[in-house]
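*Asks:*
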Amino acid sequence: QAIHLKDYAPPPYLIDTVDLAFDLGEDVTRVQSKLAMRSNPALAPASATGGGPLVLDGQDMRLVSVALDGRALDPSEYSVGPDSLTLPNPPADFILEIVTELRPQENTSLSGLYRTSGNFCTQCEAEGFRKITYFLDRPDVMARYRTTITADAMRYPVMLSNGNLVAASKMEADGRHTVSWEDPFAKPSYLFALVAGVLVHIEDTHVTKSGRTVALRIYVEPGNQDKCDHAMASLKKSMTWDEEVYGLEYDLDIFMIVAVGDFNMGAMENKGLNVFNTKYVLAKPETATDTDFLGVEAVVAHEYFHNWTGNRVTCRDWFQLSLKEGLTVFRDQEFSSDMHSRPVKRIADVQRLRAAQFPEDSGPMAHPIRPDSYIEINNFYTTTVYEKGAEVVRMIHTLLGADGFRKGMDLYFQRHDGQAVTCDDFVAAMADATSVDLGQFRRWYSQAGTPELDVTGAHDAAARTYRLTVRQSCPPTPGQPVKQPFHIPLALGLLDPSGADMPLRLAGEAAPAGTSRVLDVMEAEQVFDFVDVAEAPVPSLLRGFSAPVKLRFPHGVDDLTFLMANDSDAFNRWEAGQTLATRLMLDLVADRAAGRPLELSPGFIAAFGKILKDPTLDPAFAAQALTLPSEGYLGQQMPVIDVDGIHEVRAFCRRAIATALRDDLIATHRALGGNEPFAIDAAAIGRRSLKNLALGYLMALEESGREGTEAVELCVGQFHNAHAMTDVIAALGCLADTDLPQREVALRRFYDLWKDEPLVVDKWFSIQAMSERPGTLEEVKALLGHPAFEIRNPNKVYALIGGFAGGNPVRFHDIGGGGYRFLADQVLTLNALNPQVASRMVKMFARWRKYDPRRQALMRAELERIVQTPGLSRDVFEIASKSLEGA
Ligand code: ARG
Ligand code: ZN
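Each residue of the sequence shown is one higher than the one before, starting from 7 at the first, in full-length UniProt numbering.
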């Protein structure tokens, strides 16, 4: 059942051109496909009789007819299986014509051709094209496409596909019209797209550096035109950035984005016709939070950047997915850093990596960024392939430097433009362009698991030396009991007692080389001797999070406080505070378990107070520094996750901080409050995040359980008066955790105001799903029956079911097991409708072994119930069965 990288074989046949004709109907959609095919010349020996059997992928369709070189084939001349069409021995060069019929209105998987809000739309990555027509549905088969679409002109006035519009008919007597699109670039089938329906668009232009004018269009459902400006501005910035940083220009005359309400993922980079989840297009201050605005900018950039890293150079096979995804995430992260604050972006990305990727890397689904095998490829669009993949590219950038990295990218495109290649090809281009040896570095592509670095330091005052000893190890992961050492770039500095960075000179070097530098950690154990070190330094290690590892160094509390205040590396100033908070909070969890009273260190509270009151700090950075480690992150640091202990301790700490700093928090909220004119720049976002952080602490005060107190008044006032959704949601989120009468009032008012904006209603669902109140599970169950809830819509599922199971640890993991039963029931319902969405939900059980025996047994029982259900999709089966492996 599993597919293995080692079994890769080139395709026996190639497809040069594809002519598609779609006849879109309310009942049946007919697809005619005409393929110009030949046997693969790379496979010797080419014989006159062709390349042996031709096996085309195809599923969930009705095959109408097959013709070869103009001759209709008799059904005895081919065979059809549940996912294939086989021609036993076609010639070396031929035209294949296939007609299929589909029922897109019944396609709830949202893969292939499906309907959304009455429109037609496609999603073909990874293997959706095979639900449209029989094809060699694999990325190393690249063809030039021409697409003709015919449909009712009233219902489908807009009909789009990849490339340039080459023909359009007027309405015919039967009320139908026809358009043709041609894409001059050869592409794999996963980049095919078609959209048809009632859509409106906004338009702009971009003139490339070399002077080409490109038309830019964003298509949305009528009524949403007023929420497209931010996406358009983001697109234009992305195009300029890619020209400036990588010299990469857009290559067609038109670039289109279509926003659809039903979409499994964030967005899709189809050539010239990106299809987006509305969540990553529609944004205006009244309906979208700052996080949403930043998400739109990042995803628009991500999909645009794929035009070169993904489309012009694509993947040979799906094991190479990180070739395009890791690289493109790295590119979109760098773009966002350049648009906003680099340290703030880096902190957010590392938090995300730790919250999602580290757990994946230490659980039953752990896999290298280039997996060795899969049962269902859609299960491998993971945070490991994407975010750890981006970290691996970032390490290459660190090792080569910005100029070296650019040289490597240039060589990569020079060698591989128009090809379907591998991760090895990418690393080879990087190494060849710079003569940097990346031999050992390649292990990052093949070994799973998060490496651990144990570092110690020893100062010799008499010899004026400082010795760092670095040990690396990596825990076993499924199928990989033993790991070879990684090549780890360890960025560091040494702080002298005044807090300044010392010049860094390693033994054997003639002179110091800077005050922050990157050490190459290559061995299981390695020492680095620094000379001319008069006084014992405080090391600042893994600056900027230079590698995706877990680092341990025996810093004392004083050292951490010192780093928090003095480190020239902003990321490590934040990190020192987080390390300190983590340590104190885990001690409190132990105190609570032992029945000891809880007390939060006054020194720690004082350090928080200093940050809060420091006028020189960037408010966005201050907000990150004043945020305690999440419950999830704290749980990861424990051998057995103490769900209730962690929740209680975190709430206790928030209350203790709020109580001690009450006046300062109120002052901060007041100073940053008011309705300043809305702007979406880094400074304005930062002010809102610090203001809302202050509000959150104030609502953690004891007194905030009662009506009429100052904090409650602030919160309720903000909810009713704020113009920006960021501020409204911050206040509503606080109220949702309380039993105040204003809670119901606010939730009802919010819904009444926004019931016609699906993306805002999603926020309303998730806020309720994430409430820490004891009755949340029952409320979530009731909300499944709310008229605005729709289980076929992925955004609704992610908001309500995902919000509960993924964003509410204390209620999901309730010891009664009701949360687990609920999630399993939803997984089974979704399994029959949309396996990709179901599989994302079942992943929430994957970490069951990290909990106490009681919870383990409950989760395991649900997983077993799921695996034993007949008719399970491959998607859900793979996750559930791998989660249970060895149990
Ligand atoms: N390539 C898209 C992106 O990263 C995601 C497509 C996800 N598709 C899937 N079947 N999981 O921008
Ligand atoms: Zn992508």
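Idealized CB from N, CA, C, for every residue including glycine.
Since the model is a prediction, treat every value here as computed from it, not as a measurement.
1. At a cut-off of 8 angstroms, would you count residue 334 as near the ligand ARG, judging by its Cβ distance to the nearest heavy atom?
2. Can you tell me whether residue 481 is helix, strand or coil according to DSSP?
3. Can you give me the C-alpha to C-alpha distance between residue 892 and residue 484, rounded to a whole angstrom?
4. Suppose you measure from the CA of residue 169 to the CA of residue 188; what does that come to, to the nearest Å?
5. Let me confirm a value: residue 367 is counted as buried when at least 16 other C-beta atoms fall within 10 Å, else exposed. Which label applies?
6. So, with DSSP's three-state summary, where would you put residue 386?
7. Between the alpha carbons of residue 576 and residue 394, how many angstroms are there, rounded?
8. Where are the alpha helix (DSSP H) runs, 4 residues long or more, that stay fully inside the stretch 344-427, in chain order?
9. Rounded to the nearest angstrom, what separates residue 171 and residue 258 at their Cα positions?
10. Residue 739 to residue 697, Cα distance in whole Å?
11. For residue 286 and residue 310, what's the separation of their Cα atoms in angstroms?
12. Using only the heavy atoms of the ligand ARG, determine whether one of them is closer than 8 angstroms to the beta carbon of residue 403.
13. Threshold first: 4 residues or longer. Then list the alpha helix (DSSP H) segments lying entirely within the stretch 615-662, N to C.
14. Determine the direct distance from the alpha carbon of residue 391 to that of residue 236, and round the result to whole angstroms.
15. Give every residue of the same chain whose Cβ lies closer than 7 angstroms to the Cβ of residue 7, excluding the five residues on either side of it in the sequence, and list them in chain order.
16. With distance defined between alpha-carbon atoms, name the residue in 295, 143 and 158 nearest to residue 685.
17. Do you know how far the Cα of residue 242 is from the Cα of residue 617?
18. Given a cut-off of 9 angstroms, decide if residue 497 and residue 474 are closer than it, judged by their beta-carbon atoms.
19. From residue 676 to residue 579, what does the alpha carbon distance come to, in whole angstroms?
20. Buried or exposed, going by whether 16 or more other CB atoms sit within 10 Å of the CB of residue 506?
21. What do you reckon, is the C-beta of residue 309 under 8 angstroms from a heavy atom of the ligand ZN?
22. Go ahead and pull the three-state DSSP assignment for residue 90.
23. So, using beta-carbon positions, are residue 265 and residue 224 closer together than 9 angstroms?
24. Pull up the distance between the alpha-carbon of residue 131 and that of residue 195, whole angstroms please.
25. Quick check on residue 944: does DSSP put it in helix, strand or coil?
26. Label residue 10 either buried or exposed according to how many other C-beta atoms from any shown protein chain fall within 10 Å of its C-beta, with 16 as the threshold for buried.
27. If you pair each beta-carbon of the stretch 840-849 with each one of the stretch 876-883, do three or more pairs fall below 8 angstroms?
28. Measuring only the C-alpha atoms, how far is residue 414 from residue 804?
29. Compare the beta carbon distance of residue 92 and residue 60 with 9 angstroms and say whether it is the shorter of the two.
30. For residue 260, which of 247, 213 and 119 has the nearest alpha-carbon?
31. With distances taken Cα to Cα, identify the nearest neighbour of residue 397 among 426, 337 and 421.
32. In this structure, how does DSSP classify residue 837 when only helix, strand and coil are distinguished?
33. With which residues is residue 187 paired in a DSSP beta bridge?
34. Put residue 210 into one of helix, strand or coil per three-state DSSP.
35. Could you tell me if the beta carbon of residue 19 falls within a distance shorter than 8 angstroms of some heavy atom in the ligand ZN?
36. Consider the C-beta atom of residue 894 and the heavy atoms of the ligand ARG; say whether any pair is separated by less than 8 angstroms.
*Replies:* Working from what's here:
1. Flag set: Cβ of residue 334 near the ligand ARG.
2. Judged by DSSP in its simplified three-state form, residue 481 adopts coil rather than helix or strand.
3. One Cα belongs to residue 892, the other to residue 484, and the distance between them is close to 10 angstroms.
4. Going from the Cα of residue 169 to the Cα of residue 188 covers about 5 angstroms.
5. Residue burial annotation: residue 367 is buried, with at least 16 other C-beta atoms found within 10 angstroms of its C-beta.
6. Judged by DSSP in its simplified three-state form, residue 386 adopts helix.
7. Answer to the nearest angstrom: the Cα atoms are 22 angstroms apart.
8. You should have 348-358, 364-367 and 395-422.
9. When rounded, the separation of the alpha-carbon atoms in residue 171 and residue 258 is 11 angstroms.
10. Taken atom to atom, the span from the alpha-carbon of residue 739 to that of residue 697 is near 14 angstroms.
11. When rounded, the distance between both Cα atoms is 13 angstroms.
12. No - the ligand ARG has no heavy atom lying nearer than 8 angstroms to the Cβ of residue 403.
13. Qualifying alpha helix (DSSP H) stretches, in chain order: 625-631 and 637-642.
14. When rounded, the distance between both Cα atoms is 28 angstroms.
15. Around residue 7: 381.
16. Answer by Cα proximity: 295.
17. Each residue's alpha carbon lies about 37 angstroms from the other.
18. Not in contact: residue 474 and residue 497 (Cβ atoms no closer than 9 angstroms).
19. Straight through space, the alpha carbons of residue 579 and residue 676 are spaced by roughly 27 angstroms.
20. It counts as exposed.
21. Answer for residue 309: yes, Cβ within range of the ligand ZN.
22. In the three-state DSSP reduction, residue 90 falls in the strand class (E or B).
23. Yes, the Cβ-Cβ distance between residue 265 and residue 224 is below 9 angstroms.
24. Taking the straight line joining both Cα atoms gives about 8 angstroms.
25. There is simply no residue 944 to check, as the chain begins at 7 and stops at 893 in what is shown.
26. Flag for residue 10 reads exposed.
27. The count of Cβ pairs closer than 8 angstroms, one atom from the stretch 840-849 and one from the stretch 876-883, reaches three, so the stretches are in contact.
28. Rounded to whole angstroms, the gap between the alpha carbons of residue 414 and residue 804 is 39 angstroms.
29. Yes, the Cβ-Cβ distance between residue 92 and residue 60 is below 9 angstroms.
30. Proximity to residue 260 across 247, 213 and 119 peaks at 213, based on C-alpha coordinates.
31. Relative to residue 397, the option among 426, 337 and 421 whose CA is nearest is 337.
32. Helix.
33. Beta-bridge pairing links residue 187 to 153 and 171.
34. Looking at residue 210 - three-state DSSP - the assignment turns out to be strand.
35. No.
36. This structure gives no information on residue 894, because the portion of the chain shown stretches from 7 to 893.
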